[in-house]
Structures are given as structure tokens and as C-alpha cells.
Amino acid sequence: MEKALVTTSNLTVGYPTKNGDHVLASGLHLTLQTGKLISLVGPNGIGKSTLLRTLCGLQKPLSGEIFINNQPIDKLLPEERAQQLALVLTEKIPMSNLTVYELIALGRQPYTNWLGQLTEADKIQIARAIELTEVADFQHRKHFEISDGQLQRVLIARALAQDTPWMVLDEPTTHLDLVHKVSVFRLLKKLATETHKCILFSTHDIDLAIQLSDEMLVMTHQQVILDQPCNHISSGVFSTLFQDENIHFDPTTGRFIIA
Amino acid sequence: MTTTQRHRNLFIGLGVFFLLALLTNLALGQVAIPLKEVLKSLFGTTAEKSTWEYIIIHFRLPKALTAIIVGMGLSTCGLLMQTLFRNPLAGPYVLGLSSGSSLGVAFVIMGATLLPAAIGSLLISPYGIVIASCLGSFAVLLLVLIVARKLRDTAGLLIVGLMFGSFTSAIVSILSYFSSAEQLQRFTFWSMGNIGNLSYGSIAILATCLFIGLLISLFSIKALDGLLLGENYAASMGIPIRRSRLLIITATCLLSGSITAFAGPIAFLGLAVPHLAKLLFQTHNHRTLFGATLLLGAGLMLCCDTVSQLPGFNFTLPINAITSLVGAPVVIWLMVRKKSLL
Chain A
1 MEKALVTTSN
11 LTVGYPTKNG
21 DHVLASGLHL
31 TLQTGKLISL
41 VGPNGIGKST
51 LLRTLCGLQK
61 PLSGEIFINN
71 QPIDKLLPEE
81 RAQQLALVLT
91 EKIPMSNLTV
101 YELIALGRQP
111 YTNWLGQLTE
121 ADKIQIARAI
131 ELTEVADFQH
141 RKHFEISDGQ
151 LQRVLIARAL
161 AQDTPWMVLD
171 EPTTHLDLVH
181 KVSVFRLLKK
191 LATETHKCIL
201 FSTHDIDLAI
211 QLSDEMLVMT
221 HQQVILDQPC
231 NHISSGVFST
241 LFQDENIHFD
251 PTTGRFIIA
Chain B
1 MTTTQRHRNL
11 FIGLGVFFLL
21 ALLTNLALGQ
31 VAIPLKEVLK
41 SLFGTTAEKS
51 TWEYIIIHFR
61 LPKALTAIIV
71 GMGLSTCGLL
81 MQTLFRNPLA
91 GPYVLGLSSG
101 SSLGVAFVIM
111 GATLLPAAIG
121 SLLISPYGIV
131 IASCLGSFAV
141 LLLVLIVARK
151 LRDTAGLLIV
161 GLMFGSFTSA
171 IVSILSYFSS
181 AEQLQRFTFW
191 SMGNIGNLSY
201 GSIAILATCL
211 FIGLLISLFS
221 IKALDGLLLG
231 ENYAASMGIP
241 IRRSRLLIIT
251 ATCLLSGSIT
261 AFAGPIAFLG
271 LAVPHLAKLL
281 FQTHNHRTLF
291 GATLLLGAGL
301 MLCCDTVSQL
311 PGFNFTLPIN
321 AITSLVGAPV
331 VIWLMVRKKS
341 LL
């Protein structure tokens, strides 16, 4: 049974400026369920990252509240939050000697003792993450020696090892070619169904997201709507996504067409 | 061979290296003393010549202890800073922490006369110098941290460290212009780095600072591991970033400040040792690196000290020159083959 995992109540997202608050989205009442792959789409500069950061508790909302398992997210201790939410970010990993295995093992930090030693239970979780993401072949290589596509899978494996009900990824498919984009999408889809996690990710690959997500969070200048992809298509929200008369959305094929 | 086995062997090797370095250091000096006699004097039995025993107990042992403390402390300092700044070239000397300490000490040694006599004599005590030195390095580290937030690249940070170095030496030269010959001499000797004539009392203060600094570092190991992925990832894995950063900075300043106060600014050791440890152990796990840096740092410092006063020479080379001779090529080598090393 899928249940509601993350809920927001009257959430207003934006950032304070000198001339008052800059509101990007307001009055959000969202419910994210377990076992669902949810994509966040919208044009550049609309505030996807801000929304994502706010939902994760990295940034304060202008007003309203976010609950995870009915607990307000900003009241959780860092370690408690780390056991609820795992992140995959766009930022580059600083240079270091870490192997792929060591990098994935860092995901166990919320559970390890004060010295960060791994127990047998930790090692089982790490092995499971490696198996699910199929990164075993290069687990002993240094993290800077593998390709971008492989690194993305490794970062997802690290988030999996963190063993959280909720996983948030910021544009996990940028810089990847079509084959690797599809493989990341399918991996996320598989993880959502098999591990019953709620997986939320932002992306610019809208046509792929339409085909593979369970739900889509569409962000336009006027509104933020969460619904199934087919309902989004019939409501015609995709045609209003880009304010450019040369780009049209074709509801029959589910693709954007350039005039 | 698995990694754990390899690491165990390496640790045994490092332990042996450290012991050998210690014994050689005790045995060699302006007078070479046979190893057997060194061991005899250390373990309480009377040595063949009472002068040898006197040299070992009152001169070489305190010097060796200081070398061990300096080596361990500065190397740990470098390890902490390299991870905190996500920068392979960070180290107490390169980033100007030692310059900050110098400035603090210069103010105390040469500026104390400008103050009322009572405060002046209080300042010039060993404790006064330690506090001034720690404050100096703390001030510089804070400034570097602020600058590091604005510019993230290696070169920028290094240039800033260099600028702090020039800045402090400018202030020091202004201070020396107004100070007496005696004060100036004292400061110059201090700035050449000297681990020789420390009393057991000073060593006790130094050891206490080292102990506290290492203890704080030990409690920061998990946070340091998390920080390898950058601050945002570390935070997402439950590391309390602000508290950890504060702890790491405190440990760094305590270690580099106290050591610089007593032994003078020692160049490059803090930068080179963590890299050698990473190179040897091929890991970035801070539990392993912490132990490796301690042993390697202490051993290398002992070696540098041994080289600085080999038998047959009637003089002692400044320790700073030796560590620079070893350390500077390491930095150049790092810059050239940066990618493969980090």
C-alpha cells in the first residue's frame, strides 16, 4: 500500500530580497506518496531548484510548513533528517582518493558510530545499493576514473545506502547522452517500485519524464500542479510551459515540436 | 593482498620507521653515541660515560620529544585543513597560519616594552607567547576562511596565503625597526625555527596542547569523511556542519599556534606529510590517515632534525631550512601531477 510520505501545508517558496520577498510559488498543498517516481519540470529560472531546496529543508520557506511522516522537517535533528531524506546534488564532488565503494559507504554515516565504522548491517545495505544500481564492476576504482553516467549511478547508490524513505535528485540526467539518460530514468523507476521509496527529481527531459514518471510536478509562472502525466497532457498545461511561439506541445505523441 | 592487510603492513612499516628515526635521532648529533649506550641511558641503567647520559637525558631526549610533538601536530593540522578547504595545497605554513603566529609572537617579544611593565612581563612568559601565537594563527585562519568562501580555486587561496605572509613580515619589519637589538635577536632566533632548547616544562605545555588538539581531531574524523563529498552532501548525511567546522578550526589553531609559539614557524611539514600518507595508503579514510599522518609526521620531523645536526659538523642547520628542502619539492611535484595524486 502506498501512503502519503511528504506533505506541505500552505507552502510559499521564494527568497527574501531588500525590496521584500520574491515569491516563486505560493499556497502549495502537495502530497508526495511512497513508491512513486515524481518528476519536477519547468522552464529555466522558474524556481525549480528553490522549490527542491525548500522541500529538502536546505532553505527556509517564506511561509507554510513541510511534513515528512507527519513531523515538521525543520524540527528534525540533522541525523534524524538524514535518516528520512537522501540527496543527489548537481555539484561536483571535490577531488579525493575515494573509491566508488568508499563513496557509497559514506551514505551509511547517519547510522555509524562516532568514528564512522561500518558494521555488518551497514555492509549489507551497501552491497544491496551496489546491486540495485549495478555498479559492482567498477566499485574498486577511484570515483574520478569513471564516466559521468557511471558516476551518476554511484551517487544514486550512495543515496540508496542511506536507506531513507525519501530521495531527492537535482537534475540527475544533465550532461548525459540519451542512452545514459534513459538508463538513469529506468533505474529511478525501478527503485521507486522495488524499494517503495518516494523519489522526487527535477529534469529538463520532459518527454522522457512523461513516459516514465508516475506523477509530474509541473511548475509554470502561474501555478505548480502535481498530477499524473496523462492528466497533465489532457489539461494542456505543457503548452503553457514555454512562452515561445516556436515551441508547441503535441498531445498525441507527448512531445514538444519546434515550428 | 586486501586493503586491510596492506594497511596493516604499512602501519607496521611506519612504526618501525618511527622507532628507527627516534633511535638515530638520539644517537646522532655533534657527538655520536653508540646505540647500546642510548638505550642504557633511556632505561635508567648507567651509561659508559656519564656525559653521554647527561647529553641524552638533558639535551637529546627533550629535543626528540619536541620533534615528535611538532611533527605530529603540524601534520595533523595539514590533514584537517586539506579536507576542510577541499584543497590539496592547504597547510599551516602555506596558508599563512604560521605567519599569523609570527605576528602574534612579534607583538609580544618586540611590542611588550611599549606596554606597562607588569602587563609586559606577563605577556612575555611562555603562556603569553602561546596565547599570542594561537590568536595570531586563529585570526589568519578566519580571514582565509572568509576569502575561501569567495574564491574556491587553489591558486587564489595560495596567493592569499602568500599575501598574508608578506603582510605580516611587513608589520614585523616595522616592529623590528622600533625594537632593541636584544629583542630583535630573540625574535630572529625564534623565527628560524628551533626545537632544541626547550625545557621539560615547556614540553609539558606543548604536549597538553597537542593532546587536546588531537582529541578534537579524533572526534572530527567522521565529519571529515563526510566533508570529502562537499559541505552540502555532508549536511545531508547528518553532519552538523557549523559545529564540525568550528571544532576543526579550533584544533588547527591550537596545534599550529602552540607549536609555532615554541618551535618557531616550521615550513612545509604540515603540507607534505598528509600527501605522503595519502600516497602510501591510497585512501582518503580519515581513520587510517589520522594514524598514518601521526607516525609519518613524527618520523619525518625526527629525520629532518637528525640531518640538521649530523656528526662531524660543528654547527646546527636551522630546522626550517631542512623541512623546506624536503617540503618545497613535494609541493612542486604535487602541482605538476595534481590529477593523479588527489
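As you go down the protein sequences, you meet chains A and B in turn. Per our numbering, the first sequence starts with residue 1, numbered consecutively. Per our numbering, the second sequence starts with residue 1, numbered consecutively. Positions of the beta carbon are idealized from the N, C-alpha and C atoms, including for glycine.
Uninterrupted beta strand (DSSP E) stretches at least 3 residues long and entirely within the region 35-119 of chain A occur at 37-41, 63-68 and 85-88, given in chain order. A Cβ of chain A is located within less than 8 angstroms of the beta carbon of residue 283 of chain B. Using a Cβ-Cβ cut-off of 8 angstroms, residue 166 of chain A does not count as an interface residue toward chain B, since no Cβ of chain B sits closer than that to its own. Just measuring C-alpha positions, the residue of B/107, B/259 and B/273 sitting nearest residue 331 of chain B is B/273.
For a cut-off of 8 angstroms, the C-beta gap from residue 154 of chain A to residue 143 of chain A is around 7 angstroms, short enough to register as a contact. Here DSSP, grouped into helix, strand and coil, assigns residue 74 of chain B to helix. Residue 86 of chain B sits in coil when the DSSP states are folded into three classes, being neither helix nor strand. Inter-residue distance for residue 102 of chain A and residue 205 of chain A is about 31 angstroms (C-alpha atoms, whole angstroms).
With at least 16 other beta carbons inside 10 angstroms of its own, residue 320 of chain B counts as buried.
What residue 278 of chain B touches in chain A, judged by beta-carbon distance under 8 angstroms, is 97, going in chain order. The shortest CA-to-CA distance from residue 77 of chain A to any of B/287, B/318, B/237 and B/258 is the one to B/237. Identification of residues in the region 191-219 of chain B having a C-beta nearer than 9 angstroms to some C-beta of chain A yields 218 and 219, given in sequence order. In the DSSP assignment, residue 215 of chain A falls within the unbroken beta strand (DSSP E) covering 215-219.
Listed by position along chain B, the residues whose Cβ is nearer than 9 angstroms to that of residue 16 of chain A form an empty set, because the closest Cβ is around 20 angstroms away. For residue 106 of chain A and residue 232 of chain B, the gap between their C-alpha atoms comes out near 13 angstroms.
Burial check for residue 53 of chain B: the Cβ neighbour count within 10 Å reaches 16 or more, so the residue is buried. Residues of the region 130-153 of chain B that bring their beta carbon within less than 9 angstroms of a beta carbon in chain A are absent altogether.
Along the region 226-243 of chain B, the positions whose C-beta sits under 9 angstroms from a C-beta of chain A are 226, 227, 228, 229, 230, 232, 233, 234, 235, 236, 237, 238, 239, 240 and 241, read in chain order. With the criterion set as a beta carbon lying under 9 angstroms from some beta carbon of chain B, the members of the region 63-85 of chain A are 77, 78, 79, 80, 81, 82, 83 and 85, in sequence order. For residue 93 of chain A, the nearest CB of chain B lies under 8 angstroms from its own CB, placing it at the interface with that chain. The C-alpha of residue 220 of chain A lies about 31 angstroms from the C-alpha of residue 160 of chain A. Per the C-alpha coordinates, the member of B/63, B/150, B/97 and B/62 positioned closest to residue 74 of chain B is B/97. Between the alpha carbons of residue 243 of chain A and residue 85 of chain A lies a distance of about 34 angstroms. Under a criterion of Cβ atoms nearer than 8 angstroms, the residues of chain B adjacent to residue 109 of chain A are, in order, 222, 225, 226, 237, 238 and 239.
In terms of Cβ geometry, residue 206 of chain B and residue 69 of chain B form a close pair [threshold 8 angstroms]. In the three-state DSSP reduction, residue 25 of chain B falls in the helix class (H, G or I). Within the region 235-313 of chain B, no run of beta strand (DSSP E) reaches 3 residues while sitting entirely inside it. In the assembly as shown, residue 156 of chain B is an exposed residue. Its beta-carbon has fewer than 16 other beta-carbons within 10 Å. When C-beta atoms of the region 56-72 of chain A are compared with those of the region 213-227 of chain B, fewer than three pairs fall below 8 angstroms, so the two segments do not count as touching.
Neighbourhood of residue 102 of chain A in chain B, by CB distance below 8 angstroms: 283, 284 and 285, in chain order.
Proximity of residue 162 of chain A to chain B, defined by a Cβ-Cβ separation below 8 angstroms, is satisfied.
Annotation: the continuous beta strand (DSSP E) that includes residue 225 of chain A extends over 224-227. At a cut-off of 8 angstroms between C-beta atoms, residue 86 of chain B counts as an interface residue with respect to chain A. For residue 89 of chain A, a Cβ of chain B is located within less than 8 angstroms of the residue's own Cβ. The alpha-carbon of residue 63 of chain B is positioned some 14 angstroms away from that of residue 307 of chain B.
DSSP, reduced to helix, strand and coil, places residue 243 of chain A outside both helices and strands of the structure shown, so it counts as coil.
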